[in-house]
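Student:
What follows is the structure, given as structure tokens:
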């Protein structure tokens, strides 16, 4: 296990998480094209419980999802490429005995290698080695190479290479009673004389997916002339190749697959495009080489190098790898969002939540155009968000908590508590704070890139419409002379109503209210920044006048926060009156209490009664804002903000949080980065293990947690370097944990590419050759001007 | 007829062109979504003669194309909304007699109004007034309002409002024997209880198109309760409404249509999207108002105001109107190019040629993001252009002369000479110069916007790959120590081979060769401009090394031009040896000789033998480049460039050109703008009449000539103002024709919006409030610095 390679061999139980995270390779791009567009309710079995998904599974047959989600040795049809000796059974390593198994994910090159040696019922021993990839440089291409060695036998062999449109979604156990079939067969056939072709369509959204496959067999580098036979069934087409294998001999099978969908640009029809592509395609080695080069270019920009380079380095790279599988430059011309579980599993059915808040900061500083694409995904759904606001009796745009292809609210109305077997009312759509996350991301993107074109055309409109929503959602309380936002939920999903309240929702959630203020401030900024022509056009189109802008100003100065005399910011109005929870008692009784909601519900109780949180809520504020920014927001509202406000609240809330979400450790590690470096590092290391060790015990197999993965990367990227945008200055205030000697990374900032090295002693920033104007770099309290091809080093102690 | 309104009434023969140009309203957006994606060969009747097109016609039933292409009074089914008195025939104004007809296109508001008064067989007199629009601010919406007055009768009336998927392409007479049906019915049905719905798909590209329609009838502003009946046939659905009409009474019928295609973003399925949209839609008046506002915003940015404001002003606005119908901001999220005939007619089947060269300069300075979108259309087809180059034995990317959805070469192999009835070999795909046009547009866009993001991600790759193509297409002639480009065609399509040559193509076309040099220079610039990270990535990906770059440098300094002792640049090598043409004789014999190719072919002769051109070829160089730029290109090549080179060549070639293309007058007017202002103005005025007077006698009904329309606008915009980008400076050198007192326009330049007023005496440039840094403005030989919110005035004499 180097810093670049994850290896899984034998069947060591402690490697459960590893087994899961390995399996993402090759799903990357193709799934991204399935996940978002098809993530739309198309079937209702239980009231409010939607089944979506779509052709992920079709695609994952190209990858090896199927394998990962089943027992590892259950490999009846490995990527739809299988074989049998004549008269024998199709490849089934369990039949006679599995002699060796080795699986290796090369993060640097994006290649998964497997080696299996097995014995069949007739005592034939065979070794199979496969390498496969989905091309990082050409997202229409996947390739699989399989080497087959007859160790102790000779004879005729039949290879079957298929395209299977009959795959279903079955990766999440608790969804299996729901509808799982999302594809309709459209067409199967041949391409030229030899290659095969399949076209299917998703059954609700009617997205067509076409694949063509070329299968060739080589002996000693020469193509083998083989007898070919086609098998066509509804939604299934296969190429059967027969040839003779001699004892000790190895043949190499290449399966190259082209894939297009009806949503692709620059084509006439996806079936035609897939067929033409397969006729033009190169051999496996050539495809392999350009794929590896594409990964090398990505890593040059996206790697973060730690010293010492131990397990943390490897897992950090695994997380970056998953980020790039889901959100590489391959999405630039697609209408896709970031699903909460990346492109790895089926949980949440590919739906989009607020995870961008944790994911985009990494992309914005390295692949800003990927961020732009993901923000455009939101912009394209702005009209639906407007409609959503109207339905809620508000103005502006209210993006839904959980959404799919058409941007409608898809949050479930009930969810299952597997512990009690009960279906519970689900009010998660009250998490209006997702709207603030969108504005935060737009703002960060514009700060980093100064992409005024994006701001003018798209960003400003989103910011203004979301600001308008918050202003309309805030009601004035004349007694307090404050605005209030009522009946919402914060990020902490353990609280969705007051104890014994009929109606769901909580009032004056601190995170929501303060984020709304911040959004209103940014909206006021935007109106200042835009050029006159665009501002006028936009205001006309949105019918936005001076009176409304004055109202925003007012709301942004009089929003209510509930703060007690000790300076503890109430998570929501009334939180202070809830009972303290018996942490010790429950820990003793249940051991793992990170899903306390399920435990309490099964007992007939509810976390609504207690000061107990699933995840960071108030502390999200300290995660997103520096102390200076928080202080100025409090000042704007006329609340006092003391030097100790942050540490007091961190202390108060960390004690009362179960870490029921993988995101929680990220936030806690972050907020402790300066005040308690040792504890911050410990939480960081725990967060690193979220998926690779499957610390929630089973959720990784349903899909990796992309927000948490990105969050760990962002802790290194921004929290430990103290990287922060303050108007025209890029600030650094490094504070490495003792465990790190140095961190090296490259970021893009306003047209510059900056190499940044942080050690315990110094900070060095080098700007590469560029067309951009010099930028201001702040280090602690000093501001430096850095021009292209220049470098600065600052001693830190 | 004001400066904003085109009126057509009665049947004045001289208004033939006007009749045609009127009919574009309402086709704009919808067609744009048909034209480019579906413009792909799907049927071959005659060898090499492709039939494409698609759902234009479906859409035009929403607009009024159908009407315009047929006899004006033949209105059996007006936008699929018709009526009959019970027992009478469906609306047919010819049956009893047309009493009055009035048709009016309001360019400012984008509304077409028609008034018809007619008598039926039973002597019932009825007046119909209609207004219709396709919404400029919401491209998913079209609306039609029809007022119906029973002048001298009373009785029950039946209204039929339909969605018709059985429309065909029949707008071009000579295509009518080819396949004309391009839609397959998919689904018809109801939305809710009352509204109707249709889904069809194009038969090759499988693009689905869904429409839903709401039809309501109002009397005195109140909705009328009517009996409704649905008619469903394959590919056709209609709503039949019956009610009573009283003599002298007017009822108002509103038909609102929503339209989505399977290529739209942010939806699940287009049918679902269309159905949901129609349920949320507002009333006609509200739709009308927001539509008019959207046009007002566009005009604020795109209008060019002339003084005096005569017929030229009106036609100029008509041309801008057509430009915006085809390329408004509604295309920003679509994968579309600019068809040569706009979105008005079916000629060339929506294919894309080089017309962008004439069209984009207007857009780049006003709606730069529209240009970006149109350039991305090319970028998305870069891989196909690479394949095209490989097929031709070249390297890099060779974009095709004529292309559709998937970017493959679609040029016909034969074409019909209607004069002789012969099918003639067509070598137009030898016009490789389209590749230079693409680079020219990319470069202009980057110069105007400084959009380095676009350059880095897309523009640079196109420029480098096209440069690579030109370098590989140039062969070294060691005897001359020059590079040559052999066997191509220039813009002048009258010459496609040497007299008596077996093989088609001409050698060393001056336009092609010099443009290749210019492209290579820009490629070398780009490598200098890009930041180090992007440059390295790009060069790695394209496998572009120092040796190849040196070769480009070499080719860019040693390209061959054939120039005679008098300084006449040969259109191609050997042009100088062709016979002079008997202009006088042929003019006497045939009168109109602008299509001399057809005349000569019918005589068994060919223009290949003569010094006669269809359109500007060498003079394109003077059109695209200033004298300074040309001089520096000649110098780079080691050819002498005298002060008189331009005037000599203009004089030489203008005499030998038939203006067989509408683009030719544009170029000639441009190159004379300084040396012969009177003649330039005359040519400009003739070019203005191209479509409105249908000066080619019948081609306007097949589609307006968008390149020529844009060209006239560009003459005002750039030629007469002397507007030119020179590295970091925006230059002006105004030279208005005597006929113009002043020109006012607004342009966008590097983040500024500049109001520009040019008169005979002075130039005033005012920069609006903006975020952008000051820019350099050159006026004649002086450079001024202009900051936001500032203004400069320069006296011109």
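Protein chains in written order, with our numbering: chain B, 4 to 800; chain H, 4 to 800. Ideal Cβ positions, reconstructed from N, Cα and C, are used throughout, including at glycine. Quantities reported herein were computed from a predicted structural model and do not represent experimental measurements.
1. Kindly list the residues whose CB is nearer than 8 angstroms to the CB of residue 800 (chain H), restricted to its own chain and excluding five residues on each side of it in sequence; keep chain order.
2. Could you confirm whether any beta carbon from chain H is found closer than 9 angstroms to the beta carbon of residue 455 (chain B)?
3. Between residue 668 (chain B) and residue 689 (chain B), which are expected to be in contact by the criterion C-beta below 8 angstroms, what is the C-beta distance as a whole number of angstroms?
4. Leaving aside the five residues before and after residue 792 (chain B) along the sequence, list all residues of the same chain whose C-beta is less than 6 angstroms from its C-beta, in chain order.
5. Exposed or buried, what is residue 827 (chain B) when buried is set at 16 or more other beta-carbons lying within 10 Å of its beta-carbon?
6. To the nearest angstrom, report how far apart residue 14 (chain B) and residue 528 (chain H) are at their CA atoms.
7. Per DSSP, which one or two residues make a beta bridge with residue 582 (chain B)?
8. Look up residue 201 (chain H) in the DSSP assignment and say whether it is helix, strand or coil.
9. For residue 555 (chain B), which three-state DSSP category applies?
10. In terms of alpha-carbon separation, which member of H:172, H:189, H:187 lies closest to residue 181 (chain H)?
11. Does the stretch 459 to 475 of chain H touch the stretch 397 to 416 of chain H, meaning 3 or more C-beta pairs lie closer than 8 angstroms?
12. When you compare the CB positions of residue 565 (chain B) and residue 619 (chain B), do they come within less than 9 angstroms of one another, or not?
13. DSSP state of residue 506 (chain H), grouped into three classes?
14. For residue 87 (chain H), name the three-state secondary structure that DSSP assigns.
15. Using DSSP with H/G/I as helix, E/B as strand and the rest coil, what is residue 139 (chain H)?
16. Out of H:524, H:494, H:280, which has the shortest C-alpha to C-alpha gap to residue 466 (chain H)?
17. Rounded to whole angstroms, what is the Cα-Cα separation between residue 507 (chain B) and residue 415 (chain B)?
18. Is the stretch 205 to 221 of chain H touching the stretch 256 to 270 of chain H, taking contact as three or more C-beta pairs under 8 angstroms?
19. Let me know if residue 782 (chain B) comes out buried or exposed under the rule of 16 or more other beta-carbons within 10 Å of its beta-carbon.
20. From H:101, H:178, H:740, pick the residue whose C-alpha is nearest to that of residue 419 (chain H); which is it?
21. Between the stretch 532 to 554 of chain B and chain H, which residues of the former have CB atoms less than 9 angstroms from a CB of the latter, in chain order?
22. Please classify residue 878 (chain H): does DSSP put it in a helix, a strand, or coil?
23. Verify the CB distance criterion: does residue 408 (chain H) have a CB-CB separation below 9 angstroms to chain B?
24. Looking at the structure shown, is residue 390 (chain H) part of a helix, part of a strand, or coil, going by DSSP?
25. So is residue 273 (chain H) in contact with chain B if we call contact Cβ pairs under 9 angstroms?
26. Could you give the first and the last residue of the continuous alpha helix (DSSP H) run that contains residue 348 (chain H)?
27. Is residue 667 (chain H) helix, strand or coil when you go by DSSP?
28. Cutting at 7 angstroms between CB atoms, please list the residues of its own chain near residue 657 (chain B), excluding the five before and the five after it.
29. Look up residue 728 (chain B) in the DSSP assignment and say whether it is helix, strand or coil.
30. Are the stretch 272 to 281 of chain H and the stretch 234 to 253 of chain H touching by the rule of at least three beta carbon pairs closer than 8 angstroms?
31. Can you give me the Cβ contacts of residue 287 (chain H) inside the same chain, cut-off strictly under 6 angstroms, excluding the 5 residues immediately before and after it?
32. Please confirm whether residue 394 (chain H) and residue 432 (chain H) have their CB atoms less than 9 angstroms apart.
33. Beta-carbon within less than 6 angstroms of residue 237 (chain H)'s beta-carbon, same chain only, minus the 5 sequence neighbours each way: which residues are those?
34. Scan the stretch 759 to 775 of chain H for residues whose Cβ lies nearer than 8 angstroms to a Cβ of chain B and list them as they occur along the chain.
35. Would you kindly work out how many angstroms separate the C-alpha atoms of residue 683 (chain H) and residue 321 (chain H), rounded to a whole number?
36. In chain order, what residues of the same chain have a beta carbon less than 8 angstroms from the beta carbon of residue 412 (chain B), not counting five sequence neighbours either side?
Tutor: Inspection of the coordinates gives the following:
1. If we look at residue 800 (chain H) and ignore the five residues flanking it on each side, its Cβ neighbours are 763, 764.
2. yes
3. 5 angstroms
4. 772
5. No statement about residue 827 (chain B) is possible, as the shown extent of chain B runs from 4 to 800 and does not include it.
6. Any reading at residue 14 (chain B) must be qualified, since the residue scores a pLDDT of 37, below 50, and its modelled position is unreliable; no value is offered.
7. B:613
8. strand
9. helix
10. H:172
11. In the pairwise beta carbon analysis, the stretch 397 to 416 of chain H is classified as touching the stretch 459 to 475 of chain H: at least three pairs are separated by under 8 angstroms.
12. no
13. Coil, per DSSP.
14. Residue state, collapsed to three classes: strand.
15. coil
16. Closest option to residue 466 (chain H), Cα to Cα, is H:524.
17. 15 angstroms
18. yes
19. buried
20. H:178
21. 532, 533, 534, 535, 536, 537, 538, 539, 540, 543, 544
22. Shown here, chain H extends from 4 to 800; a query on residue 878 (chain H) therefore has no answer.
23. yes
24. helix
25. Residue 273 (chain H) counts as touching chain B.
26. Note, residue 348 (chain H): premise wrong, no alpha helix (DSSP H); not H, not E.
27. helix
28. Sequence-distant Cβ neighbours of residue 657 (chain B) in its own chain, meaning closer than 7 angstroms and more than five residues away, are 671.
29. Here residue 728 (chain B) sits in strand by DSSP.
30. These segments do not touch.
31. 146, 148, 257
32. For residue 394 (chain H) and residue 432 (chain H), no; Cβs fall outside 9 angstroms.
33. 188
34. Cβ proximity to chain B below 8 angstroms picks out 771, 772, 773, 774, 775 from the stretch 759 to 775 of chain H.
35. Taking the straight line from one Cα to the other gives about 21 angstroms.
36. 391, 403, 404, 405, 406, 432
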